[in-house]
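K.L.:
Take a look at this one; I'll ask things after.
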Amino acid sequence: MSSTVIRSHGQGAKNQEPGARVREGEAPAEPRVEGSVLRVQDTTPAAIADSNRQVLSTQYSVHSAHSAKTVRSATPQSSLRTPQSSLLAAKKLEKSYRKGRLEVPVLKGVDFAVRPGEFVAIVGQSGSGKSTLLHLLGTLDAPDSGEIHFEGNRIDNLPASGRDVLRNKYFGMIFQFYHLLPELTMLENVLAPIMIRFGIWNYFWKRREHVERAKQLLDMVGLSHRLTHKPRELSGGEMQRTAIARALIAQPKLLLADEPTGNLDQQTGGEILAILKQLHRAQGLTILMVTHDPAIARQADRVVRLVEGKVAA
Amino acid sequence: MYKLLLSWRYLRTRYIALASIISVTLGVGTLIVVNSVMAGFSHEMHIRLHGILSDIIFEAHSQDGMENVEELITEIRKVVGDELVGVTAAVHVPAMININYHGQMQPRQVNLIGVDEATYAEVSDFSQYLMHPENRSKFDFLLRESGWGDDEHAIPPSGWPYRRLKANYEREQELQRRMLQNATGEAPAGPGELAEHPQPGTLPLAEGTGLATAPVDPFNQLKPQSAENVFNPEKDQYTGIILGIAMGSVRQRDARGKVRDVYLCRPGDDVQVAFASVGMPLPKILSENFTVVDFYESKMSEYDSGFAFIPLKAMQNSRGMGDAVTTIQLKLKTGADLNAVRDKLQARFPAEEFPFRIQTWRDMQGPLLAAVQMETTLLNILLFMIIAVAGFGILATFFMIVVEKTKDIGILKALGAPGRGVMSIFLGYGFSLGLVGSGVGMLGGLLFVTYINQIAKVVEWITGHEVFDPTVYYFSKIPTIVEPLTVASVVAGSVLIAVLASVLPALRAARLHPVEALRYE
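Protein sequences, first through last, are from chains W and P.
Using my numbering, you'd call the opening residue of the first sequence number 15 and step up by one each time.
Using my numbering, you'd call the opening residue of the second sequence number 346 and step up by one each time.
See the structure below:
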């Protein structure tokens, strides 16, 4: 009963335009978020991070309240606010793909949480749905049903613009195939999230700062000599290290890594993993890594095993 | 920021897209060239059409013309006011000119115009088109000694020396002929016959040969034929006539392919003109001799082959029309609104009450001007269609680029770029492509226009054919006018087409699902 209700809600959130939802629920929610996002562009990066956290928190809470309103009557027992102890939490996540007329379920109710400062590895066979799970958690895709909470606020039903801001500022992502933009140099690739966040004037206003930080990050991953190279001129390991630098430039709260070593030889993969572990240890970065390799997964604090679309005990 | 950067990088790295806008470039270049040349042409045409016509023309319905010209002109001055610069009266009649060329009479159908030497130059640029430099500053109908011809028209020796030589030669020839006839005992041609029909080619013999004759002036024949009164072609001229250059000459290629003017007559020659006298219902045909005193070249073939000018007084006397004229021509200040003045005049002289119609020179040449306008419009439409076709090329190329860049779009979205941002990358890309394409096209077009004559020469050298055949066209250079507004609107139009063509692919890019885009290989 409850799952069907939530599903319908989830689908509704996915399909509706932001405006439509405002009409249905609380009026002030959307404009305030938009306004806040615009306002914070004038402040320093550190302040941006702080103020945005607040902005997003209020944003989430508004949405959660809204969700609570609509869902409460049907599922009074469902707790919509997760304890603050978890940074990212998935609740009863379901996702299936359509192949023609056939519906292939990939995730069948995944429940798990990542606490701040944790290094969690999700392992599973190919096709166990671990990449799909990561995409859902990274708000690249929307679940059929279930909820995702970030810092206690529901994020899976956010409008597209809210999810864009989330991905841009709070999540850093690295992929198996690095996914660097081939037209840009390494430095520009690292700066890409910053460029996406700021408009032309705001970017140029703080350009020196941003470039300085990007250089520091590239230096940290050992690529200070590759600033002006294009991705095709670099090796896989170098590309992945650039991708890590790119994921870190926005000072994210959570690093989502999708098979970061999957395309690399053992030694290079080990180097990448060492960087991730170093980040985790020295800066307390929360990392959620997906891998199929148990050996790599063992390096994490905690291993979550995904079997046939569910978290294995 | 990333939008600009990526648009710029795509522009610099996708050569196939640059290839797709070559048609935009060509279209823009061609449009600019065509518009410039057409503008140049129509400007030249306006100048030439206008050159001989004044601004506003009163045209009498009847060949007998209108009376009371002085009063009419006073009234016109009152109506038009300050804007009036000059007024002249003229007589236009259809006529036939016979030109004696190597003993054969070549007839030409012309519009014979009697003009007032004093005022005609005020209302039109006619005098500027005359061949003799002195006539350009102050023209009259008296034959000058010499001085015709310039770089464009090598008029053979003309004027009084030529006339004297010719008269002398013809007299000698006539003497020889008579001596021959006397020797063979044939009956000579009656001198009376010559006297009755003096022909410009076979000039009557001068006094002393006993065959002297007089011009058509009937009163002359009544007077005793004293040395002073006898017409002597070595010293006297008939009434002067100014012919269009295309009447007196034919432009031809000689055996070596060089373009040459063949002169049927030249200043100093006499021509015979036949025209109608006044008098309804049965006008008489009058034939008179005139002496060619100059040519004019307005470079408008319709005028150059169709108009001959004689003095107004001579025309009025010959036709017996008193002071009547058939046209009154007005010249207004530059920039005056011709149509407004015409309407004012039409209101003052309603067509129902007055036996003349009032037209501007544009009205008179309406069909020709409209045809040129129409041609320009049609060419513009056709060429813009070419650019529109290029737009579809851009559309197809852009779809391909969006497909090729699917993964990049996924990456951008994963990094938090909104759909709108991704869309504006491709719109910006389309915009910059259009800008580059039409910019290059504009530069090319302007360069082409600047060096169009040199290019014409190169084409001529390669193909062996003249682009602008000087036997057909009167100008040696292709006239061009670059109108900045036209250039700007052509460029803006094609940039707009490029942007419009990139809207659909950009929308598609914006709607790509990030996960599917990332998975795309």
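From the three backbone atoms N, C-alpha and C, an ideal C-beta is built for every residue, glycine too.
Which residues, in order along the region 756 to 788 of chain P, keep a beta-carbon less than 8 angstroms from a beta-carbon of chain W?
P.N.:
From the region 756 to 788 of chain P, only I756, L757, K758, A759, L760, G761, A762, P763, G764 and G766 have a Cβ closer than 8 angstroms to chain W.
K.L.:
Nearest CA to the CA of F620/P: which residue from T672/P, L609/P and N443/P?
P.N.:
By 1-based counting over the second sequence, the position of residue 620/P is 275. The residue with the shortest Cα to Cα distance from F620/P is N443/P.
K.L.:
Checking contacts by CB at 8 angstroms: is P859/P closer than that to chain W?
P.N.:
As a working mapping, residue 859/P is identified with position 514 in the second sequence. Yes, its Cβ sits closer than 8 angstroms to a Cβ of chain W.
K.L.:
Report the rounded CA-to-CA distance for T146/W versus A733/P, giving the unit in angstroms.
P.N.:
Here residue 146/W refers to the residue found at position 132 of the first sequence. Here residue 733/P refers to the residue found at position 388 of the second sequence. Cα-Cα distance, rounded: 44 angstroms.
K.L.:
Is K267/W helix, strand or coil by DSSP?
P.N.:
Sequence index remark: in the first sequence, residue 267/W carries index 253 (1-based). Here K267/W sits in coil by DSSP.
K.L.:
Which term fits N445/P, buried or exposed, when burial requires 16 or more other beta carbons within 10 angstroms of its beta carbon?
P.N.:
Against the second sequence, residue 445/P aligns to sequence position 100. Under this definition N445/P is a buried residue.
K.L.:
Within its chain, find whatever has a CB closer than 7 angstroms to the CB of S472/P; leave out the 5 residues flanking it on each side and keep chain order.
P.N.:
As a first step, residue 472/P is located in the second sequence; it is residue number 127 there, counting from the start. Taken in chain order, the residues that qualify are A466, N480, R481 and F484.
K.L.:
List, in order along the chain, the chain B residues whose C-beta lies closer than 7 angstroms to that of E197/W?
P.N.:
Note that chain B does not occur in the displayed structure, where the protein chains are W and P.
K.L.:
Use the C-beta contact count for Y796/P: other C-beta atoms within 10 angstroms, 16 or more gives buried, fewer gives exposed.
P.N.:
Within the second sequence, residue 796/P is the residue found at index 451, counting from 1. So Y796/P counts as exposed.
K.L.:
Could you pull the DSSP bridge partners for E161/W from this structure?
P.N.:
One-based indexing of the first sequence puts residue 161/W at position 147. DSSP lists K105/W as partners of E161/W.
K.L.:
Between V304/W and A271/W, how many whole angstroms is the CB-CB distance? I'm expecting something under 8 angstroms.
P.N.:
Along the first sequence, read from residue 1 onward, the residue named residue 304/W stands at position 290. Along the first sequence, read from residue 1 onward, the residue named residue 271/W stands at position 257. Yes, they are in contact, since the Cβ atoms of V304/W and A271/W sit about 7 angstroms apart, within 8 angstroms.
K.L.:
Quick one, which of A854/P, L863/P, G782/P and K822/P has its alpha-carbon nearest Y360/P's?
P.N.:
Position 15 of the second sequence, counted from the first residue, corresponds to residue 360/P. The shortest C-alpha separation from Y360/P is found at G782/P.
K.L.:
Report the neighbours of N182/W on chain P: residues whose CB is nearer than 7 angstroms to its CB, in chain order.
P.N.:
Numbered from 1 along the first sequence, position 168 holds the residue referred to as residue 182/W. Under the 7 angstroms cutoff, chain P gives L760 and G761.
K.L.:
Mark H149/W as exposed unless 16 or more other C-beta atoms lie within 10 angstroms of its C-beta, in which case mark it buried.
P.N.:
The sequence position of residue 149/W within the first sequence is 135, counting from 1. Buried.
K.L.:
Return helix, strand or coil for Y514/P, following the three-state DSSP convention.
P.N.:
Position 169 of the second sequence, counted from the start, is the residue given in the question as residue 514/P. Helix.
K.L.:
With 16 as the cutoff for other CB atoms within 10 Å, does F218/W come out buried or exposed?
P.N.:
Reading the first sequence from its first residue, position 204 is the one you call residue 218/W. Exposed, by the Cβ-count rule.
K.L.:
With H, G and I counted as helix, E and B as strand and the rest as coil, what does DSSP make of M666/P?
P.N.:
Working through the second sequence from its first residue, we reach residue 666/P at position 321. Three-state DSSP puts M666/P in coil, outside helix and strand.
K.L.:
Below 7 angstroms on C-beta distance, what does Y865/P contact in chain W?
P.N.:
As a working mapping, residue 865/P is identified with position 520 in the second sequence. The premise fails here: Y865/P is roughly 11 angstroms from chain W at the closest Cβ pair, so nothing lies under 7 angstroms.
K.L.:
Could you pull the start and end residues of the beta strand (DSSP E) that H437/P belongs to?
P.N.:
By one-based count along the second sequence, residue 437/P stands at place 92. Looking at the DSSP string, the run of the beta strand (DSSP E) that includes H437/P is L429 to Y446.
K.L.:
Check whether the Cβ of M346/P lies closer than 8 angstroms to any Cβ atom in chain W.
P.N.:
Sequence index remark: in the second sequence, residue 346/P carries index 1 (1-based). Yes, M346/P lies at the interface with chain W (some Cβ there is under 8 angstroms from its Cβ).
K.L.:
Considering only their Cβ atoms, is the gap separating R181/W from G138/W smaller than 8 angstroms?
P.N.:
Counting from 1 along the first sequence, the entry for residue 138/W is found at position 124. Counting from 1 along the first sequence, the entry for residue 181/W is found at position 167. Annotated as distal: G138/W and R181/W, with beta-carbon spacing of 8 angstroms or more.
K.L.:
For a minimum of 4 consecutive residues, which ranges assigned as the alpha helix (DSSP H) are wholly contained in the region 629 to 655 of chain P?
P.N.:
646 to 649
K.L.:
Comparing alpha-carbon positions, which option in P501/P, D708/P and A434/P lies nearest S469/P?
P.N.:
Position 124 of the second sequence holds residue 469/P. Comparing Cα positions, the closest option is A434/P.
K.L.:
Within the chosen definition, does the region 803 to 812 of chain P reach the region 385 to 399 of chain P through at least 3 CB pairs nearer than 8 angstroms?
P.N.:
no
K.L.:
So does the region 716 to 725 of chain P actually touch the region 735 to 753 of chain P, counting three or more Cβ pairs closer than 8 angstroms?
P.N.:
Under the 8 angstroms Cβ criterion, the region 716 to 725 of chain P does not count as touching the region 735 to 753 of chain P, having fewer than three qualifying pairs.
K.L.:
Just verifying my parser: in three-state terms, what is the DSSP assignment at L594/P?
P.N.:
Along the second sequence, one-based indexing puts residue 594/P at 249. Contrary to the premise, residue 594/P reads as Ser rather than Leu in this sequence. Residue state, collapsed to three classes: strand.
K.L.:
Beta-carbon within less than 7 angstroms of G236/W's beta-carbon, same chain only, minus the 5 sequence neighbours each way: which residues are those?
P.N.:
Taking the first residue of the first sequence as 1, we reach residue 236/W at position 222. Cβ neighbours of G236/W beyond the five flanking positions: R255.
K.L.:
Is the region 365 to 377 of chain P close to the region 822 to 840 of chain P, with three or more CB pairs under 8 angstroms?
P.N.:
yes
K.L.:
With K676/P as the anchor, note down where its beta strand (DSSP E) starts and where it stops.
P.N.:
As a working mapping, residue 676/P is identified with position 331 in the second sequence. Start and end: T672 to L677.
K.L.:
Tell me, which residues are paired with I188/W by DSSP?
P.N.:
Translated into positions along the first sequence, residue 188/W becomes position 174. A271/W.
K.L.:
So, does the region 583 to 602 of chain P touch the region 642 to 660 of chain P, judging by three or more C-beta pairs under 8 angstroms?
P.N.:
yes
K.L.:
Are the CB atoms of L278/W and Q313/W within a distance shorter than 8 angstroms?
P.N.:
By 1-based counting over the first sequence, the position of residue 313/W is 299. By 1-based counting over the first sequence, the position of residue 278/W is 264. Not a contact, by the Cβ cut-off of 8 angstroms.
K.L.:
Would you check if the distance between the CB atom of Y774/P and the CB atom of Y355/P is smaller than 8 angstroms?
P.N.:
Numbered from its first residue, the second sequence carries residue 774/P at position 429. Numbered from its first residue, the second sequence carries residue 355/P at position 10. In contact: Y774/P and Y355/P (Cβ atoms closer than 8 angstroms).
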